[in-house]
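Here is the structure we will look at.
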Amino acid sequence: MVHSNDNDLLKLEFNNLLAEAQRCYGGISSHHLKKSLDVVQSAIATFGRVFALRVDLRCANDAIDEQCDMPLCFQRNDPKVITRFIAALNSRIKANLQRKGKSAKPDYPLYIWVRERDTSKYAHYHLVLFFNKDIYGYLGCYQDSDGENMGTRVQKAWCSALGLAYPDHKHLVHFPLNGSYVFNKRSMDLKPEHFNNFLNRLAYLCKTRTKIMNDGLRNFGSSQV
């Protein structure tokens, strides 16, 4: 049972995070921030120890310029592309665990994604993926196209979702600097510096400035928790 004092404390912490995010990034969707924190809490409750990974996904430049009639590539960048990406990543995780002889139901990652567009022709996606740290705890050497690690799985899943060849288009996946975090229930309670840094970076996904508001499509999605 959560006491009223606990609720007041949680509300205060949320308001402090929201205020700090607004100071750093401008307008913030409080609804998206609340949903994002719900996923963080669900990841901790589900996995115990959590490995969180920031990822950016972009579409290819498919023409030399807007007047060019000859496309450089044909990509499937429709609104379902992010759904295909999550499904492709889960499929690769399942296959990896089966090769290791782990036949139990896989701990698929939880996720948060946002769809944005700045000056580019196509939208791009910012994500946070949440893994069970006891199974997947590292990004790995994703520069090695033949490597078997979480970085290359993400790259292959995005290329698959776009219908583009790997490794030719693996550069469309970007892993931000210092974008890996490990935390647990104790982190949520004590708020060490690295966890506060993670929450601030999570809040970046909830900024409103570059969200696409007028095309009738979703610009935020997350695991159902």
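For the sequence shown, full-length UniProt numbering gives the first residue as 1, with consecutive numbering after it. Note that the Cβ used here is the ideal one computed from N, Cα and C, for glycine as well. Since we're looking at a predicted model, the values are computed, not measured.
* Asked: Can you round the beta-carbon distance between Arg153 and Leu89 to whole angstroms, since I take them to be within the 8 Å contact cut?
  -> Looking up residue 153 in the sequence shown gives position 153. Looking up residue 89 in the sequence shown gives position 89. That pair is a contact at about 6 Å.
* Whole beta strand (DSSP E) runs in the region 99–144 with 3 or more residues, listed along the chain? -> 110–116 and 124–132
* Asked: Would you report the Cα separation of Gly221 and Gly101, rounded to the nearest angstrom?
  -> To locate residue 221, count along the sequence shown from 1; it is residue 221. To locate residue 101, count along the sequence shown from 1; it is residue 101. Distance between the alpha carbons of Gly221 and Gly101 is about 32 Å.
* **Own chain partners of Asn149 with C-beta closer than 6 Å, once the 5 adjacent residues on each side are dropped** => To locate residue 149, count along the sequence shown from 1; it is residue 149. If we look at Asn149 and ignore the five residues flanking it on each side, its Cβ neighbours are Gly140.
* Going by beta carbon distance, what residues of the same chain come within less than 6 Å of Lys35, once the five residues before and after it are set aside? -> Counting from 1 along the sequence shown, the entry for residue 35 is found at position 35. Once the five neighbours on either side are set aside, the close Cβ partners of Lys35 are Ser222.
* Return yes when the Cβ of Leu217 is within less than 8 Å of the Cβ of Pro79, no when it is not. => Looking up residue 79 in the sequence shown gives position 79. Looking up residue 217 in the sequence shown gives position 217. In contact: Pro79 and Leu217 (Cβ atoms closer than 8 Å).
* Would you kindly work out how many angstroms separate the C-alpha atoms of Arg201 and Leu33, rounded to a whole number? => Your numbering for residue 201 matches position 201 in the sequence shown. Your numbering for residue 33 matches position 33 in the sequence shown. Their Cα atoms are separated by approximately 11 Å.
* **contact_flag[the region 42–58, the region 170–177] where n(CB pairs < 8 Å) is 3 or more** => yes
* If I'm right that Tyr181 touches Ala45 with Cβ under 8 Å, what's the distance once you round it to whole angstroms? => Looking up residue 181 in the sequence shown gives position 181. Looking up residue 45 in the sequence shown gives position 45. In fact, because the Cβ distance is near 17 Å, the residues do not count as touching under 8 Å.
* Asked: So who's on the other strand from Phe51, going by DSSP bridges?
  -> On the sequence shown, position 51 is the one that residue 51 refers to. DSSP, once it has assigned bridges, lists Phe131 and Val182 as partnering Phe51.
* **Beta-carbon contacts of Pro167 that lie in its chain and below 7 Å, excluding the five residues immediately before and after** => Mapped onto the sequence shown, residue 167 falls at position 167. Same-chain partners within the cutoff: Ser145.
* Asked: Given that a residue counts as buried once 16 or more other Cβ atoms are within 10 Å of its Cβ, and exposed if not, what is Phe74?
  -> On the sequence shown, residue 74 is found 74 positions in, with the first residue counted as 1. Exposed, by the Cβ-count rule.
* Kindly indicate the opening and closing residues of the alpha helix (DSSP H) around Gly151. => Position 151 of the sequence shown holds residue 151. Element bounds for Gly151: Met150 to Leu162.
* To do: Please classify Lys191: does DSSP put it in a helix, a strand, or coil?
  => For this step, residue 191 is matched to residue 191 along the sequence shown. Looking at Lys191 - three-state DSSP - the assignment turns out to be coil, as it is neither helix nor strand.
* Give every residue of the same chain whose Cβ lies closer than 8 Å to the Cβ of Gly19, excluding the five residues on either side of it in the sequence, and list them in chain order. => Counting from 1 along the sequence shown, the entry for residue 19 is found at position 19. First, the residue type needs correcting, since residue 19 is Ala and not Gly in the sequence shown. There are no such residues.
* Keeping to the same chain, check which residues put their C-beta closer than 6 Å to that of His126; ignore five residues upstream and five downstream. => As a position in the sequence shown, residue 126 is number 126, starting the count at 1. Closer than 6 Å at the Cβ level, and outside the excluded window around His126, lie Asp56, Val114 and Leu205.
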